[in-house]
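Start counting at 1 in the sequence shown, then tack on 2, and there's your number in the working numbering.
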Amino acid sequence: MDYYGIGFSNIRLPNDSRSYVYRYNSRVNTFPEEVFLHEFLHSLERNSEEYGYSIPQLHDYEVYGYQNESLTGQKKWYTDYMNKNINTTEGKIGLPEEIYNLKPAKNSNFEFSTNMKEVFKEPENIIEGIKELFDNLVNKINYIGKMG
Ligand SMILES: [Zn+2]
């Protein structure tokens, strides 16, 4: 979903922790990470388009002869999409190899970004823990403020 041109996706997951979407189950679901990969690939799809590459639409798997399979969903499609290995009469297509090394094309993509080093840094003591809690709260309030 695209929201005010910010371009983030919203993934809703069931509250039931026993739901099959959270676990690998050889009878029901062998690709539980599909929804996350799908939304991530939308980011790469968008970046590719903003850099001017001509690429297949992520939702067009059927156009290229792929199917949504019962246990693995669209895993084959995503694999070929990411590896530029989709067969067409004009040769192989998919995401450009370079896209994995390019930052998003537009500066506006960084407007609400969060420093990943900070996100993954564990607080080392109670003071840092409390500071982190307040920083996160302030960021959320500022973010809500900007949304109007
Ligand atoms: Zn989608």
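For each residue, glycine too, the CB sits at the ideal point set by N, CA and C.
This one's a predicted model, so the numbers in the text were calculated from it and none came from an experiment.
Leaving aside the five residues that flank Lys78 on each side, the residues in its chain whose CB is nearer than 7 Å to its CB run, in chain order, Tyr68. Sixteen is the threshold: when 16 or more other Cβ atoms of the shown chains lie within 10 Å of the Cβ of Ser50, as they do, the residue is buried.
Beta-bridge annotation (DSSP): Glu71 is paired with Gly75. A residue is called buried when at least 16 other Cβ atoms come within 10 angstroms of its Cβ; Ile128 does not meet this threshold and is exposed. In this structure, Tyr63 sits near Asn70, with a CB-CB distance shorter than 9 Å. Under the Cβ criterion (8 Å, minimum of three pairs), the region 10–25 does not count as touching the region 54–61.
Here Gly93 carries a strand assignment [DSSP, helix/strand/coil]. Judged by DSSP in its simplified three-state form, Ile88 adopts strand.
For Phe33, the closest C-alpha among the options Glu41, Val65, Ser72 is that of Ser72.
The region 6–60 is shown to contain whole alpha helix (DSSP H) runs of 4 or more residues at 36–52, in chain order.
Around the C-beta of Gly131, fewer than 16 other C-beta atoms lie within 10 Å, and the residue is accordingly described as exposed.
In the displayed model, Asn127 falls within coil according to three-state DSSP, outside both helix and strand. The alpha-carbon of Lys133 is positioned some 18 Å away from that of Tyr145. Across the set Leu46, Gly96, Ser28, the C-alpha of Ser28 shows the shortest separation from the C-alpha of Gly75.
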